[in-house]
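I have placed the structure first, in the form of structure tokens, so that the comments after it can refer back to it.
Residue numbers (this note's numbering): 1220 to 1287.
Here it is in structure tokens:
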């Protein structure tokens, strides 16, 4: 879907926002607070309808959807 929209120069029908954090091994301290704070007016996630957290344990090859 992304490739099609890119090649046809069509805007995406959704607003995609990515946030990568690398503290999974230490429990992602502060992630909940960051998402709440950045969801406020003017924050990075302002206007985002859904936050999806994906976790991939090192020994797995497929992504695990852990929170929506």
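Positions of the beta carbon are idealized from the N, C-alpha and C atoms, including for glycine.
**Asked** Which residue comes first and which comes last in the alpha helix (DSSP H) that contains residue 1257?
**Response** In the chain shown, residue 1257 corresponds to position 38, counting from 1. Looking at the DSSP string, the run of the alpha helix (DSSP H) that includes residue 1257 is 1250 to 1257.
**Prompt:** Rounded to whole angstroms, how far is the Cβ of residue 1254 from the Cβ of residue 1264, which I believe are closer than 8 Å?
**Reply:** Here residue 1254 is taken as the residue at index 35 of the chain shown, counted from 1. Here residue 1264 is taken as the residue at index 45 of the chain shown, counted from 1. Confirmed, about 7 Å.
**Asked** Opposite residue 1267 in the DSSP bridges: which residues?
**Response** Here residue 1267 corresponds to residue number 48 of the chain shown, with the count starting at 1. The partner list for residue 1267 (beta bridge, DSSP) is empty, contrary to what the question assumes.
**Message:** Given this structure, state the Cα-to-Cα distance separating residue 1221 from residue 1269, to the nearest angstrom.
**Reply:** As a position in the chain shown, residue 1221 is number 2, starting the count at 1. As a position in the chain shown, residue 1269 is number 50, starting the count at 1. Rounded to whole angstroms, residue 1221 to residue 1269 spans 19 Å at the Cα level.
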